Every structure is written in structure tokens, then in C-alpha cells.
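Colleague:
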Amino acid sequence: MVLSAARQLSKQAVAFGPFQHATRGRGTAIRAALVLSIAAAAYYRPHFLFGKDEEGDAVGAFIAGLPEYSATEVGAHDSPEQRVWVTYRRGVYDITDFIAKHPGGGEKISLAAGGSIEPFWKFYQQHGKHSTRAMLESMRIGNLKQSDTIAEEHLHDPYRREPERSTVLKVHTQKPFNGETPVTVLGERYITPNEVFYIRNHLPVPDIEINDYELEVSGLGVEKPLTLSLQQLQDQFPKHCIVNTFSCAGNRRMDMEAYKHVKGLEWGAGAIGTATWCGAKLVDVLQAAAFDLNKGAR
Ligand code: HEM
């Protein structure tokens, strides 16, 4: 079922590639590319840890005595054959041996090969943890020339347009936003109020201009590719509503910890909620696109 737009926008945990998300007012079609990021759960122990304040720690600071490289020299190391180097602030790192161990996948981390990881880490702020930053520092090989560093004001914050959220939610992380419904609130009514429904995000909320929104239906088995505006989705297909309970797969992970260490956000029992979900049925949209299951099936 295609969720009603308002609910979908306020709740979506859809992951867009760093430069694929839409910018307001551009007038271009928005392609809703769903990228399911499954972080491999390889456990990696950092060689050493740094101070408490993540912004104030030593990661990426100049280290006297290390060789100095220019951005051009770093840029030449953009493949395993040349060894893969990246930069963070004044730091130069050789990440070649870490690529296969990266919990977010080798393909993603390789996007930064030969350049700075700062724009990517602004986007994927899961990397703010000390353990992760220390992991990076353990791969340090040199200093980046001062004149080649990226000024903070040139790194725009992809989270600057996040919606306001209820302060009732029990927050686990702010960027990306992850918060659960307090259990006492959950028990008050059958339908969980929208503003206190749990939110599970991996990335910023996509910045969608509703008038520019387009859903593209194409691919294997689709005989009549379609491009639909939100208005067309709402006007051309019957609206169906169902009451359904959604639960995050990590709900009650905190309790699981009592038995065994489980990697991931430590949710309590509130990453669950019941709502009335309304919208066009996916089957109706696929029928309009003359989808042939036999041609589409692999
Ligand atoms: C040497 C540099 C890097 C290190 C040490 C590193 C480390 C990590 C770690 C420890 C995680 C797991 C985070 C968690 O679950 O709490 C992670 C996840 C991830 N990383 Fe990296 N990373 C690096 C570079 C990058 C780059 C450059 C990108 C993107 C271009 C990237 C994209 C991701 C993504 C998409 C995830 C999964 C996030 C999620 O599903 O919630 N990483 N990385």
C-alpha cells in the first residue's frame, strides 16, 4: 500500500544516497530511490580511544613529525592498486585494509576514495561516536596541507531542515533522528498519536517539495511505465485504510543486552506503535502500469 503522503513524510526512514536527495524549489523530478543500507555487523576494536567531547577530540588534528601530503597527492590514491587514502580535517588515512570490514559496506566508504570523508560524515552522522572516530585515527598516515583542508562553513549540514519533533519522544540519536514512544504513553490509547509515534531514521528526512514529487513506476515486468504526481496518486486510485501495528526490528534491544551484546541502537519497548495507514494500494498502481508478474519474476 502506498502510504498517505503526510504520514510517509513524517515517518520515513528511507535512505537516499548522499547526492540523490532532493533540494527544495529545484523543480526537478524526485526519483524515490530506496537504498536499503544493511550494516554488516563486523565488530571492530579501535586501537586507542580519544577524549570525551567528539568535536573537541584529537581526531584529524595536525600531528608533528608525520609526512605532509597535498589534496592532489591524496587524490592519486583512489583505488586498492594505489592504496586508498582519505582525509579528515588535517588527517590523511590509508583505509585500504578497512574497506572490506566497513559496517556500512565497501561500496559506500569507497565513495570517499582519494578525497575527504567530511561531507559524507556530515550526512551519515552515525560516525560521530568516539569509537568510530578512534577507528579512523588508527589508520593515520600523515597530515593534509593546511591550505587544502575544507573550511567548516563550506560543509553544509544535511540535517538543517529536520522537522520539529515532540519532546515527549525518548530520543536515542538526534542526527539521524531516532526516538521512541514512552511506554506509559503507548498504553494510553489503541491508536498511537502521530506526533509521538516512534521514529527510526538512518539519514536526514528527504527534503521533498510536494508539488515536484513524482513516483516513477518502471523496470522489469512493467509494460506501461508511469510517472505520477502526488495529486494523481490521490485522485486516480481508490484510497484504502488499514489499522496496523508497526514495530522496529530492534524494539527491546536493551532487554536483549541482558543476555548477549547486540549491535545497534538500544531501543526500549517503545519502538512500536499502531496507526491508521491510508493511501493507494500498490497492486492498483502496478495494474495501471500493466505490470506482468511473470515477466517481472526472477
Ligand atoms: C575510515 C572511515 C570510516 C569509518 C572508520 C567508518 C565506520 C563506520 C562504523 C563503525 C559504522 C557503524 C555505525 C553504527 O552502527 O553505529 C559505519 C556505518 C556506516 N557508514 Fe561508515 N565509516 C567510514 C567511512 C564512511 C564513508 C566515507 C561513508 C559514506 C560514503 C560511510 C557510510 C556508512 C553508512 C551508510 C553506514 C551505515 C549507517 C546505518 O545504516 O545506520 N562510512 N561506518
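With the numbering used here as the guide, the letters of the sequence shown map in order to residues -3 to 294. Quick reminder that beta carbons are idealized off the backbone N, C-alpha and C, glycines included. None of the values given here were measured: they were computed from a predicted structure.
(1) Does any heavy atom of the ligand HEM sit closer than 7 Å to the C-beta of V82?
(2) Distance, Cα to Cα, G264 vs K166?
(3) Closer than 7 Å: is that where the CB of H198 sits relative to any heavy atom of the ligand HEM?
(4) Out of V88, S134, G275, point me to the one whose CA is closest to E69's CA.
(5) Closer than 6 Å by C-beta to A37: which residues in its own chain qualify, once you throw out the five before and the five after it? Chain order, please.
(6) Give the straight-line distance between the Cα atoms of G246 and E191, rounded to the nearest whole angstrom.
(7) Run through DSSP, which three-state label would W117 get?
(8) Please return the same chain residues whose Cβ sits closer than 6 Å to the Cβ of H123, not counting the five positions on each side in sequence.
(9) In terms of alpha-carbon separation, which member of L140, F287, G175 lies closest to L216?
(10) Do A109 and R85 have their CB atoms nearer than 8 Å?
(11) What residues in its chain sit with their C-beta under 6 Å from that of T83, if we drop five residues either side in the sequence?
(12) Starting from I105, follow the beta strand (DSSP E) in both directions and report where the run begins and ends.
(13) Please go through the segment 178 to 224 and give each complete beta strand (DSSP E) segment of 3 or more residues, from N-terminal end onward.
(14) Give the straight-line distance between the Cα atoms of I206 and E149, rounded to the nearest whole angstrom.
(15) In angstroms with no decimal places, state the Cα-to-Cα distance between R185 and T128.
(16) Quick check: what's the CA-CA separation for V31 versus C237?
(17) Could you tell me if the beta carbon of Q122 falls within a distance shorter than 7 Å of some heavy atom in the ligand HEM?
(18) Please report the distance separating the alpha-carbon of E253 from that of Q227.
(19) Skipping 5 residues on each side, what residues in its chain have a beta carbon closer than 6 Å to that of A267?
(20) V239 to T272, Cα distance in whole Å?
(21) May I ask which residues mark the beginning and end of the beta strand (DSSP E) holding V279?
(22) Given a cut-off of 8 Å, decide if P172 and L199 are closer than it, judged by their beta-carbon atoms.
(23) Given this structure, state the Cα-to-Cα distance separating T223 from R157, to the nearest angstrom.
(24) Give me the Cα-Cα distance between D251 and N174, rounded to the nearest whole angstrom.
(25) What would DSSP say about T169, mapped onto helix, strand or coil?
(26) How would you label T180, buried or exposed, when you count the other beta carbons within 10 angstroms and need 16 or more for buried?
(27) Would you list the residues sitting across from D90 in a DSSP beta bridge?
(28) Ignore the nearest five residues each way along the sequence and tell me which others in V80's own chain have a CB closer than 8 Å to its CB.
(29) Does Y255 pass the burial test, meaning 16 or more other C-beta atoms within 10 Å, or should it be called exposed?
(30) Is A108 near the ligand HEM, with its Cβ less than 7 Å from a heavy atom?
(31) Could you give the distance in angstroms between the alpha-carbon of D300 and the alpha-carbon of A67?
(32) Compute the distance between the beta-carbons of P221 and A147, then report whether it is under 8 Å.
Modeller: If we stick to the structure as given:
(1) yes
(2) 9 Å
(3) yes
(4) V88
(5) Only weak support exists for where A37 lies, its pLDDT of 26 falling under 50; the value from the coordinates is given anyway. Contacts found: K259.
(6) 21 Å
(7) helix
(8) W117
(9) F287
(10) no
(11) V70, S112, L140
(12) Looking at the DSSP string, I105 is not in any beta strand (DSSP E); the run it does join, the alpha helix (DSSP H), is 102 to 105.
(13) 210 to 213
(14) 29 Å
(15) 40 Å
(16) In this prediction, V31 has a pLDDT of 26, which is less than 50 and means its spatial position is unreliable; nothing more can be read from the coordinates.
(17) yes
(18) 46 Å
(19) E176, Y194, C244, N247
(20) 4 Å
(21) Counting along the chain, V279 falls outside any beta strand (DSSP E), though it belongs to the alpha helix (DSSP H) covering 278 to 284.
(22) yes
(23) 27 Å
(24) 18 Å
(25) strand
(26) exposed
(27) W81
(28) H73, D74, D90, I91, T92, I95, S106, A109, G110
(29) exposed
(30) yes
(31) In this structure the chain extends from -3 to 294, so residue 300 is not present and cannot be described.
(32) no
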